[in-house]
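Chains as they are written, first to last, in the numbering used here: chain L, 1 to 287; chain D, 288 to 574.
Number of protein chains: 2
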Amino acid sequence: MNVFIIGLGLIGGSLSLDIQQEFKEATIYGIDTNEEHIEKALELGIIHEQAVISEMKNADIVIISIPVDVSLDIIYQTLNTVSDNCLVIDVGSTKEQICKALENHPKRRNFLATHPIAGTEFSGPNAALKNLFIGKTNIICEVEKTAFKLQEIALDIFSKLGMRIRYMDAKSHDKHIAYVSHLSHISSFMLGKTVIEKEKNERDIFDMAGSGFASTVRLAKSSPAMWTPIFEQNKGNVIETLNEYIQNLQQFKTLIEQNNFSEIYSEMENTNHIKQILNGIQEVSLQ
Amino acid sequence: MNVFIIGLGLIGGSLSLDIQQEFKEATIYGIDTNEEHIEKALELGIIHEQAVISEMKNADIVIISIPVDVSLDIIYQTLNTVSDNCLVIDVGSTKEQICKALENHPKRRNFLATHPIAGTEFSGPNAALKNLFIGKTNIICEVEKTAFKLQEIALDIFSKLGMRIRYMDAKSHDKHIAYVSHLSHISSFMLGKTVIEKEKNERDIFDMAGSGFASTVRLAKSSPAMWTPIFEQNKGNVIETLNEYIQNLQQFKTLIEQNNFSEIYSEMENTNHIKQILNGIQEVSLQ
């Protein structure tokens, strides 16, 4: 089984490690524009060999795990290159544009659009982890457009890696994920920015910041190269979530200004309900 | 050594557990208006005996760990009750009002204003933890107003519990802590609110939310009874931080609307600098 991984970062690298574990016969070929990532991936046993795009004609499976702007081009090239029996999986954080870009591709049935929700704030081959996907949700979009035989192969892999599968249309995926992922990243980046701007003396931040601050600002460590194109592709939904978030913050501020602290209490009490919703989502800080 | 703890929650309970460990001769008396907390604290070995305010005349040390609005009254009563040699420590999250309220109290020199930065999103005796304070910062305000002998007793306890001490005036404490703690809580509560409002089908949130969302929204589990009076007492600073945070969010949104994604990239890259600042702050999720 020849598996090509394009993009040897957290998700691509982790998939590779687990696929090697579960499919002993798999040979993993790595493609990455960053030579240091190739070297590191070879050193860490993430890939067996470096490869180039044209060699993908021999691929059984191609996994594309690169920033979502670059992937629009690369998946097109990949589908043009691979054989009729090859499964091409994309794992990016936005799904609407990629599905739209490929809807009329002659090899659309070789393609499966997925989003394994397993990222952390870290990136690159060093961020790859064994067993990352156990219990994690993998959202599959437009499954009916993928060849049945290739769906089966993909589901077998996802199942062996321990993922829970959810099916969703691409438009709904991008809308919901804006709330539960993209907005979190922006709130975290802007929290980090606000505090850094104010607290020029960094030693003071460090001394006074507790685990709560570390937790809310953790995502501000995330890669701009990955997140900029996500916000660009999901612009409409992201703006909508930001409008609602800013409006809620403004209302909260107004309540404080008006000394309406009984309502402040109620706002927080109502939101405490998030406890029940979050039960089962494990918080992680991995490095 | 008779130690009275008023308020048997996360901080009061954890202090009690560690004091028992480090000072074998200590007898811990617990005061709490919540009878269930008293029973639970007795059951968990957090306190040796229940007590009432008037018994504090026999106290060597009183620790006040209750919501900051209630503590304004209780600390006054406590100082009126205790002996001339008793050390009264407050551990609340705001310091300016309490220091101001007590500045002319005849027993001001018995009082030490502190803020151990060791909270989590949990509350009550069940949230108390052994060794919670190891490596945590404890901010002490207006140390010069406390009797030297009592400062020594307090520092000995804090040192044995593993805390790092930082001295600060009460006004600066409240200003800085608004950025690194209070704003984090509001951003988290409003993030939780925004997502709950939008995603009425809770199953969808659960399925799509990853560790990043769990991390940014964790503080939205916090106790409204504790946080409402903190926001009230620190109103001016909290409004200032909220104004800056909202302004940064709006600017970020405008950049997206204008398709200025190179600037979006720069904003995130600049904020990545938070990595270095946060090194050493351990993120925790305890329950």
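We put the beta carbon where it would ideally sit given N, CA and C, even for glycine.
* If you draw a straight line from the C-alpha of L/I134 to the C-alpha of L/L161, how long is it? -> One alpha carbon belongs to L/I134, the other to L/L161, and they sit about 6 Å apart.
* Which of the three DSSP states, helix, strand or coil, is assigned to D/M450? -> Secondary structure of D/M450 (DSSP, three-state): coil.
* Asked: Helix, strand or coil for L/V62 per DSSP?
  -> L/V62 falls in the strand class under three-state DSSP.
* Asked: So, does the CB of D/L536 fall closer than 9 Å to a CB anywhere in chain L?
  -> Cβ-Cβ to chain L under 9 Å: yes for D/L536.
* Asked: Using a beta-carbon distance cut-off of less than 9 Å, what residues from the stretch 256 to 282 of chain L approach chain D?
  -> Answer in chain order: I256, E257, N259, F261, S262, I264, Y265, S266, E267, M268, E269, N270, T271, N272, H273, I274, K275, Q276, I277, L278, N279, G280, I281 and Q282.
* Asked: Using a C-beta to C-beta distance shorter than 8 Å, which residues of chain L count as neighbours of D/K485?
  -> The answer, in chain order, is Y179, T241 and E244.
* Buried or exposed (CB count within 10 angstroms, at least 16 for buried), L/S187 -> Within 10 angstroms of the beta-carbon of L/S187 lie 16 or more other beta-carbons, which makes it buried.
* Per-residue contacts from D/K260 into chain L (C-beta, under 9 Å) -> Residue 260 of chain D is absent from the model: chain D starts at 288 and stops at 574.
* C-alpha distance - D/Q308 paired with D/I464, whole-angstrom precision -> Cα to Cα, the separation comes out at about 30 Å.
* What first and last residue would you give for the beta strand (DSSP E) that runs through D/T401? -> Where D/T401 is concerned, the enclosing beta strand (DSSP E) stretches over F398 to P403.
* Is it right to say D/Y532 is buried, meaning 16 or more other beta carbons lie within 10 angstroms of its own, or is it exposed? -> So D/Y532 ends up on the buried side.
* Asked: Tell me the DSSP bridge mates of L/F158?
  -> Bridge partners of L/F158: none, in fact.
* Which one or two residues does DSSP pair with D/C428 in a beta bridge? -> Per DSSP, D/A400 and D/M455.
* **the stretch 304 to 324 of chain D / the stretch 374 to 394 of chain D touching (three or more Cβ pairs under 8 Å)** => With a cut-off of 8 Å on Cβ pairs, the stretch 304 to 324 of chain D is not in contact with the stretch 374 to 394 of chain D, counting fewer than three such pairs.
* Report all residues from its chain with a CB closer than 6 Å to the CB of L/V91; omit the five preceding and five following residues, and keep chain order. => Taken in chain order, the residues that qualify are I11, S65, T114 and P116.
* Is it true that the CB of D/A346 sits closer than 9 Å to the CB of D/S370? -> Contact: yes.
* Flag D/S572 as yes if its beta-carbon sits less than 9 Å from any beta-carbon of chain L, otherwise no. => With a pLDDT of 39 at D/S572, under the threshold of 50, the modelled position of this residue cannot be trusted; read the value that follows with caution. It does; some Cβ of chain L falls within 9 Å.
* **Run of the beta strand (DSSP E) containing L/S3, from where it starts to where it stops** => One point to set straight first is that residue 3 of chain L is Val, not Ser, in the sequence displayed. It spans N2 to I6 - the beta strand (DSSP E) in which L/V3 sits, taken as one unbroken run.
* To do: Within 10 angstroms of the Cβ of L/F288, are there 16 or more other Cβ atoms? Answer buried if so, exposed if not.
  => Look at the range of chain L in this structure, 1 to 287, and you will see that residue 288 of chain L is not part of it.
* Closer than 8 Å: is that where the CB of L/R218 sits relative to any heavy atom of the ligand ADP? -> Of ligands this structure carries none, so the ligand ADP is not represented either.
* **C-alpha distance - D/M244 paired with D/K423, whole-angstrom precision** => The question about residue 244 of chain D has no answer here: the residues shown for chain D are numbered 288 through 574.
* Bridge-paired residues (DSSP) for D/E484 -> D/E484 is not bridged to any residue.
* To do: Would you kindly report the start and end of the unbroken beta strand (DSSP E) that includes D/L374?
  => Unbroken beta strand (DSSP E) run through D/L374: L374 to D377.
* Could you pull out every residue in the same chain whose Cβ sits closer than 8 Å to the Cβ of D/L470, ignoring the five residues on either side in sequence? => Cβ-Cβ distances below 8 Å link D/L470 to V525, T528, L529 and Y532 in the same chain, with the five nearest sequence neighbours on each side left out; the list follows chain order.
* Asked: If you count every other CB in all the chains shown that lies within 10 Å of the CB of D/K382, and 16 or more means buried, which is it?
  -> The residue is buried, with at least 16 neighbouring Cβ atoms inside 10 Å.
* the stretch 137 to 150 of chain L: which residues have C-beta closer than 9 Å to a C-beta of chain D, in chain order? -> When CB distances to chain D are screened at a threshold of 9 Å, the residues of the stretch 137 to 150 of chain L falling below it are T137 and I139, in chain order.
* Which residue comes first and which comes last in the alpha helix (DSSP H) that contains L/I38? -> Annotation for L/I38: the continuous alpha helix (DSSP H) segment containing it runs E35 to E43.
* Asked: Can you give the Cα-Cα distance for L/D169 and L/I153, rounded to whole angstroms?
  -> Each residue's Cα considered, the two are about 21 Å apart.
* Taking all protein chains shown into account, decide if D/S341 is buried (16 or more other Cβ within 10 angstroms of its Cβ) or exposed. => It counts as exposed.
* Going by CA-CA distance only, name the one from D/M513, D/I483 and D/W514 that's closest to L/I274. => Between L/I274 and the set D/M513, D/I483 and D/W514, the nearest pair of CA atoms involves D/I483.
* Any C-beta of chain D sitting closer than 9 Å to the C-beta of L/D207? -> Chain D contact via Cβ: present.
* **Neighbour list for L/V195 in chain D, Cβ cutoff strictly below 7 Å** => The answer, in chain order, is Y466 and V467.
* Asked: In chain L, what lies closer than 7 Å to D/I404 by C-beta?
  -> Near D/I404 (Cβ distances below 7 Å), the residues of chain L are M208 and G210.
* **L/F258 burial status per 10 Å Cβ neighbour count (16 or more: buried)** => Correcting the residue identity first, residue 258 of chain L is Gln in this sequence and not Phe. Under a 10 Å Cβ-count criterion, L/Q258 is classified as exposed, with fewer than 16 other Cβ atoms of the shown protein chains found around its own Cβ.
* Asked: So, does the CB of D/F398 fall closer than 9 Å to a CB anywhere in chain L?
  -> Chain L contact via Cβ: absent.
* Asked: Would you call the CB atoms of D/S509 and L/M268 closer than 9 Å?
  -> In contact: D/S509 and L/M268 (Cβ atoms closer than 9 Å).
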